[in-house]
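**Q** Following this message is one structure expressed as structure tokens.
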Amino acid sequence: MAEGALAGFAPGPLGPRPKRPFAPKTIMLYGVLVVAALYYLMPLYVMVATSLKGMPEIRLGNIFAPPLEITFAPWVKAWDSACTGLYCEGLKVGFWNSVKILVPGVIISIAIASVSGYALSYWRFRGSEVFFTILLFGAFIPYQVLIYPIVILLRELGMFGSLPGITLVHTIFGMPILTLLFRNYFASIPVELFKAARVDGAAFWGIFLKIMVPMSLPIFVVATIIQVTGIWNDFLFGVIYAGTKNFPMTVQLNNIVNSTQGVKEYNVNMAATILTGLVPLVVYFVSGKLFVRGMAAGAVKG
Amino acid sequence: MESNIADKAVPAAPGGPPPDWLGRQWWGLRRNLVAKIATLPMVFTALVVFLGGTLWSIFYSFTKSKSLPVEKFVGFAQYERLFNTKRWIVSLENIAIFGICSLVFSLVIGFLLAALLDQKIRFENTFRTIFLYPFALSFIITGLVWQWILNPEFGIQQVVRSFGFEEFVFNPLRDPEIVIYGVLIAGLWQGSGLVMVLMLAGLRGIEEDIWKAARVDGIPAWKTYLIIVIPMMRPVFVTTLVLIAAGIVKVFDLVVAQTAGGPGIASEVPAKYVYDYLFARGNLGQGLAASTVMLLSVLVVLIPWMYLEFGSRRQQKHG
Numbered sequence: 001m002a003e004g005a006l007a008g009f010a011p012g013p014l015g016p017r018p019k020r021p022f023a024p025k026t027i028m029l030y031g032v033l034v035v036a037a038l039y040y041l042m043p044l045y046v047m048v049a050t051s052l053k054g055m056p057e058i059r060l061g062n063i064f065a066p067p068l069e070i071t072f073a074p075w076v077k078a079w080d081s082a083c084t085g086l087y088c089e090g091l092k093v094g095f096w097n098s099v100k101i102l103v104p105g106v107i108i109s110i111a112i113a114s115v116s117g118y119a120l121s122y123w124r125f126r127g128s129e130v131f132f133t134i135l136l137f138g139a140f141i142p143y144q145v146l147i148y149p150i151v152i153l154l155r156e157l158g159m160f161g162s163l164p165g166i167t168l169v170h171t172i173f174g175m176p177i178l179t180l181l182f183r184n185y186f187a188s189i190p191v192e193l194f195k196a197a198r199v200d201g202a203a204f205w206g207i208f209l210k211i212m213v214p215m216s217l218p219i220f221v222v223a224t225i226i227q228v229t230g231i232w233n234d235f236l237f238g239v240i241y242a243g244t245k246n247f248p249m250t251v252q253l254n255n256i257v258n259s260t261q262g263v264k265e266y267n268v269n270m271a272a273t274i275l276t277g278l279v280p281l282v283v284y285f286v287s288g289k290l291f292v293r294g295m296a297a298g299a300v301k302g
Numbered sequence: 001m002e003s004n005i006a007d008k009a010v011p012a013a014p015g016g017p018p019p020d021w022l023g024r025q026w027w028g029l030r031r032n033l034v035a036k037i038a039t040l041p042m043v044f045t046a047l048v049v050f051l052g053g054t055l056w057s058i059f060y061s062f063t064k065s066k067s068l069p070v071e072k073f074v075g076f077a078q079y080e081r082l083f084n085t086k087r088w089i090v091s092l093e094n095i096a097i098f099g100i101c102s103l104v105f106s107l108v109i110g111f112l113l114a115a116l117l118d119q120k121i122r123f124e125n126t127f128r129t130i131f132l133y134p135f136a137l138s139f140i141i142t143g144l145v146w147q148w149i150l151n152p153e154f155g156i157q158q159v160v161r162s163f164g165f166e167e168f169v170f171n172p173l174r175d176p177e178i179v180i181y182g183v184l185i186a187g188l189w190q191g192s193g194l195v196m197v198l199m200l201a202g203l204r205g206i207e208e209d210i211w212k213a214a215r216v217d218g219i220p221a222w223k224t225y226l227i228i229v230i231p232m233m234r235p236v237f238v239t240t241l242v243l244i245a246a247g248i249v250k251v252f253d254l255v256v257a258q259t260a261g262g263p264g265i266a267s268e269v270p271a272k273y274v275y276d277y278l279f280a281r282g283n284l285g286q287g288l289a290a291s292t293v294m295l296l297s298v299l300v301v302l303i304p305w306m307y308l309e310f311g312s313r314r315q316q317k318h319g
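Residue numbers (full-length UniProt numbering), protein chains in the order written: chain A, 1 to 302; chain B, 1 to 319.
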């Protein structure tokens, strides 16, 4: 039997050929990947290297050279006393503004979107799918179409140029993708659980809080990742709706780097740039695969 | 796979008439009242903000509103003026160049990187992490760091010159002719990792048997990709395409940070045109007309895609 099976094949070993570790093909493959990786890492390296140099060294050397004398003074200045054109209090103002925008923005948008997604998958009513389709269409409307009507809306509500205003804006624009995310996730939970809970007399909120939320923690993490990076990286909404004294970090960063007054301090600019990118980078490196999942979900479904 | 989950939600009652908790009957209204109240924010967002806001913008694009909206209609005058404005034409040209190049290059780069990562290599996670991290950073950061790298006095140009190539010129950000390509380099660095991830997911969705069959038939790997794998990944490509296209229309922060639209108006984009007319110049009618044109261009991409999506869904159900 075994012999018969073997006879059908050309003489030689069975199974795939063992890979030689240093075959030219392998070297090529890794070579291309390493070069690509170096290219993607280069801007990060340049940012860090520049931020650790003094200005004389920057003027003399090239941007790829590692710092000869490491100095943290640019970091301190970027955080504490860099000028944004209006005042010189550094990025810390923007950082705390961003935190003040981020925390309520993330919590409220996820709370509302998760309830909406839950209602859409288990408590559908006449028209609910129509509203949902319009909502999804909204994800593709260029922001530029909506920014002015929202200015008027916020003015009417007395929230223009305030923290509640910008929170509402982030909730609105996070709604399509988050609702879709939650709706699809809840729909994947066996409907029998829902029915059993109904038989036991649980109602809308009871089922949501006691069954759906505890079973969906991963998707809440994914949603949090999407919102934290999204809100932290936002520039357009911050500059329009937050009001001058609540400008988020991205806006402050742009004002510091692109302000036309004074001598350009490239090391301070780069330190400020890294500081602004720190939060999303930490989220990215800590969350790993969940980030990928969130971005893919956000992207594929957006 | 994802779409299975989505489809599962649609047929809420597998077999038999829908149970009453679905609220198909009107007397179910009261029992579903909590759910309806709970979805009010969503309904508000969909109807008032998205639908209402869009209609509002289109409506006032036909008026001569300056810094405040007024109902004085001027027909298509704002649109005429728009297409007679050099800055808008430059913006359109830029977004066309940027858009086509980012589509082509990010698909090519993303697919190549994904195909390389799909060769059962070691350190796959490390490579993927490196290719995707720029996507976690904002456009402002992307724009600022590439502004620095492309800086003529200190950046790449100066580094190459210091190697002895004194005449070397690579100064995209100060050259009106090629400035948009400087923005493109930054955009590709930021966004191609996401395309890579999507493509990798698509490649992983191709069954191993197909590869085996191709190998048995003696088809070389590159040919297998070209004639079997890529056609099989058509849905992934279409989705990615729509995503990139939707992202391109939104390009704003990148340009603001990297070039501020300069030198002159050489790197202006439509989104920035709208922003400037709405907020800096106080010319609502003009800004809203420009935003309506942006919306139309999105719909031109979106509607055929929706047809494709629904078409394939229907096929799935029959098959």
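Ideal Cβ placement from N, Cα and C applies to all residues, glycine included.
1) Can you give me the start and stop residues for the alpha helix (DSSP H) that residue 157 of chain B sits inside?
2) Give every residue of the same chain whose Cβ lies closer than 6 angstroms to the Cβ of residue 291 of chain A, excluding the five residues on either side of it in the sequence, and list them in chain order.
3) Using 8 angstroms as the limit for Cβ to Cβ distance, is residue 154 of chain B near chain A?
4) Is residue 240 of chain B helix, strand or coil when you go by DSSP?
5) What do you reckon, are the CB atoms on residue 169 of chain A and residue 232 of chain A nearer than 8 angstroms?
6) Mind the definition here: the region 29-44 of chain B touches the region 118-129 of chain A only if three or more C-beta pairs lie below 8 angstroms; say whether that holds.
7) Shortest alpha-carbon distance to residue 168 of chain B belongs to which of B:230, B:87, B:77 and B:159?
8) Where do the ends of the alpha helix (DSSP H) carrying residue 80 of chain A lie?
9) Given a threshold of 16 other Cβ atoms within 10 Å of its Cβ, counted over all protein chains shown, does residue 56 of chain B qualify as buried or as exposed?
10) Per DSSP, residue 73 of chain B is paired with what?
11) Can you list, in chain order, the residues of the region 180-199 of chain B whose Cβ is nearer than 8 angstroms to any Cβ on chain A?
12) Whole angstroms is fine: what's the gap from residue 314 of chain A's alpha carbon to residue 266 of chain A's?
13) Residue 202 of chain B: buried (16+ other C-beta within 10 angstroms of its C-beta) or exposed?
14) When the Cα of residue 259 of chain A is compared with those of A:195, A:90, A:34 and A:27, which residue comes out closest?
15) Excluding the 5 residues flanking residue 228 of chain B on each side, which residues of the same chain have their C-beta closer than 7 angstroms to its C-beta?
16) In three-state terms, what does DSSP make of residue 305 of chain B?
17) To the nearest angstrom, report how far apart residue 22 of chain B and residue 201 of chain A are at their CA atoms.
18) Hey, residue 126 of chain B and residue 134 of chain B are a contact pair by Cβ (cut 8 angstroms); roughly how many whole angstroms apart?
19) Which residues, taken in chain order from the region 224-251 of chain B, show a beta carbon closer than 7 angstroms to some beta carbon of chain A?
20) Could you say which of B:304, B:287 and B:297 lies nearest to residue 80 of chain B if we only look at CA atoms?
21) Give every residue of the same chain whose Cβ lies closer than 7 angstroms to the Cβ of residue 114 of chain B, excluding the five residues on either side of it in the sequence, and list them in chain order.
22) Taking the alpha-carbon positions, what's the residue 234 of chain A to residue 95 of chain A distance?
23) Rounding to the nearest angstrom, what Cα-Cα distance links residue 147 of chain B and residue 59 of chain A in this structure?
24) Give me, in chain order, the residues of the same chain whose beta-carbon lies closer than 6 angstroms to that of residue 104 of chain A; leave out the 5 immediate sequence neighbours on both sides.
25) For residue 175 of chain A, does the count of other Cβ atoms within 10 angstroms reach 16, so buried, or fall short, so exposed?
26) Note down, in chain order, every chain A residue with its Cβ under 8 angstroms from the Cβ of residue 138 of chain B.
27) Could you list which residues in chain A have their beta carbon closer than 7 angstroms to that of residue 36 of chain B, in chain order?
28) Determine the direct distance from the alpha carbon of residue 31 of chain A to that of residue 294 of chain A, and round the result to whole angstroms.
29) State yes or no: is the C-beta of residue 142 of chain A within less than 8 angstroms of the C-beta of residue 102 of chain B?
30) For chain A, is any of its Cβ atoms less than 8 angstroms away from the one on residue 253 of chain B?
31) May I ask you to report which of helix, strand or coil DSSP gives residue 84 of chain A?
32) Against residue 32 of chain A, what residues of chain D qualify as contacts under a CB-to-CB distance less than 7 angstroms, listed in chain order?
33) Using a Cβ-Cβ distance under 8 angstroms, would residue 32 of chain B count as near chain A?
34) Is it buried or exposed, residue 84 of chain B, if we count other Cβ atoms within 10 angstroms and call 16 or more buried?
35) Hey, would you say residue 261 of chain B sits closer than 8 angstroms to residue 255 of chain B, going by beta carbons?
36) Is the CB-CB distance between residue 193 of chain A and residue 172 of chain A below 8 angstroms?
**A** Let me lay it out:
1) One-based indexing of the second sequence puts residue 157 of chain B at position 157. Looking at the DSSP string, the run of the alpha helix (DSSP H) that includes residue 157 of chain B is 156-162.
2) Working through the first sequence from its first residue, we reach residue 291 of chain A at position 291. Excluding positions up to five away in sequence, the list reads 225 and 284.
3) Translated into positions along the second sequence, residue 154 of chain B becomes position 154. Contact with chain A is found for residue 154 of chain B, since one of that chain's Cβ atoms lies less than 8 angstroms from the residue's Cβ.
4) Against the second sequence, residue 240 of chain B aligns to sequence position 240. If DSSP states are grouped into helix, strand and coil, residue 240 of chain B belongs with the helices.
5) Looking up residue 169 of chain A in the first sequence gives position 169. Looking up residue 232 of chain A in the first sequence gives position 232. No Cβ-Cβ contact shorter than 8 angstroms links residue 169 of chain A with residue 232 of chain A.
6) Because the criterion of three Cβ pairs below 8 angstroms is met, the region 29-44 of chain B and the region 118-129 of chain A touch.
7) The residue labelled residue 168 of chain B in the question sits at position 168 within the second sequence. Residue 168 of chain B has its Cα closest to that of B:159, out of B:230, B:87, B:77 and B:159.
8) Locating residue 80 of chain A in the first sequence gives position 80, counting from the first residue. 73-80 is the extent of the alpha helix (DSSP H) around residue 80 of chain A.
9) Here residue 56 of chain B is taken as the residue at index 56 of the second sequence, counted from 1. Under a 10 Å Cβ-count criterion, residue 56 of chain B is classified as buried, with 16 or more other Cβ atoms of the shown protein chains found around its own Cβ.
10) Within the second sequence, residue 73 of chain B is the residue found at index 73, counting from 1. Bridge partners of residue 73 of chain B: B:63.
11) The region 180-199 of chain B vs chain A, Cβ under 8 angstroms: 189, 193, 194, 197 and 198.
12) Beyond the ends of chain A as shown, which are 1 and 302, falls residue 314 of chain A; an answer cannot be given.
13) Taking the second sequence and counting its residues from 1, the one referred to as residue 202 of chain B is at position 202. Classification of residue 202 of chain B: buried, given that the 10 Å Cβ count is 16 or more.
14) Start at 1 with the first residue of the first sequence, and residue 259 of chain A comes out as number 259. Residue 259 of chain A has its Cα closest to that of A:90, out of A:195, A:90, A:34 and A:27.
15) Translated into the one-based positions of the second sequence, residue 228 of chain B becomes position 228. Closer than 7 angstroms at the Cβ level, and outside the excluded window around residue 228 of chain B, lie 210 and 214.
16) Looking up residue 305 of chain B in the second sequence gives position 305. Secondary structure at residue 305 of chain B: helix, using DSSP grouped into helix, strand and coil.
17) Reading the second sequence from its first residue, position 22 is the one you call residue 22 of chain B. Reading the first sequence from its first residue, position 201 is the one you call residue 201 of chain A. Note that residue 22 of chain B scores 49 on pLDDT, short of 50, meaning its location in the model is unreliable and no value can be drawn from it.
18) The residue given as residue 126 of chain B occupies position 126 in the second sequence. The residue given as residue 134 of chain B occupies position 134 in the second sequence. About 15 angstroms; that fails the 8 angstroms criterion.
19) Hits within the stretch, in order: 239, 243, 246, 249 and 250.
20) On the second sequence, residue 80 of chain B is found 80 positions in, with the first residue counted as 1. The closest CA to that of residue 80 of chain B, considering only B:304, B:287 and B:297, is found on B:287.
21) Here the question's residue 114 of chain B lines up with position 114 in the second sequence. Excluding sequence neighbours, residue 114 of chain B sits near 196, 199, 200 and 203.
22) Position 234 of the first sequence, counting from 1, holds the residue named residue 234 of chain A. Position 95 of the first sequence, counting from 1, holds the residue named residue 95 of chain A. When rounded, the distance between both Cα atoms is 13 angstroms.
23) Taking the first residue of the second sequence as position 1, residue 147 of chain B is located at position 147. Taking the first residue of the first sequence as position 1, residue 59 of chain A is located at position 59. Spanning the two alpha carbons is a distance of roughly 16 angstroms.
24) Your numbering for residue 104 of chain A matches position 104 in the first sequence. So the qualifying residues of the chain are 167.
25) Within the first sequence, numbered from 1, the residue matching residue 175 of chain A stands at position 175. Buried, by the Cβ-count rule.
26) Taking the second sequence and counting its residues from 1, one reaches residue 138 of chain B at position 138. Going along chain A in sequence order, the residues near residue 138 of chain B (Cβ under 8 angstroms) are 232, 233, 234, 235, 250, 276, 277 and 280.
27) The residue labelled residue 36 of chain B in the question sits at position 36 within the second sequence. Chain A residues near residue 36 of chain B: 125.
28) Here residue 294 of chain A is taken as the residue at index 294 of the first sequence, counted from 1. Here residue 31 of chain A is taken as the residue at index 31 of the first sequence, counted from 1. Our two residues, residue 294 of chain A and residue 31 of chain A, have alpha carbons roughly 30 angstroms apart in a direct line.
29) To locate residue 142 of chain A, count along the first sequence from 1; it is residue 142. To locate residue 102 of chain B, count along the second sequence from 1; it is residue 102. Not in contact: residue 142 of chain A and residue 102 of chain B (Cβ atoms no closer than 8 angstroms).
30) In the second sequence, counting from the first residue as 1, residue 253 of chain B sits at position 253. By this cut-off, residue 253 of chain B is an interface position.
31) Locating residue 84 of chain A in the first sequence gives position 84, counting from the first residue. DSSP places residue 84 of chain A in the coil class of the three-state scheme, outside both helix and strand.
32) This model lacks chain D altogether, as its protein chains are A and B.
33) Your numbering for residue 32 of chain B matches position 32 in the second sequence. Interface residue, yes.
34) Sequence index remark: in the second sequence, residue 84 of chain B carries index 84 (1-based). It counts as exposed.
35) For the purposes of this step, residue 261 of chain B is taken as residue 261 along the second sequence, with counting starting at 1. For the purposes of this step, residue 255 of chain B is taken as residue 255 along the second sequence, with counting starting at 1. With a cutoff of 8 angstroms on beta-carbon distance, residue 261 of chain B and residue 255 of chain B are scored as near each other.
36) Working through the first sequence from its first residue, we reach residue 193 of chain A at position 193. Working through the first sequence from its first residue, we reach residue 172 of chain A at position 172. The Cβ atoms of residue 193 of chain A and residue 172 of chain A do not sit closer than 8 angstroms to each other.
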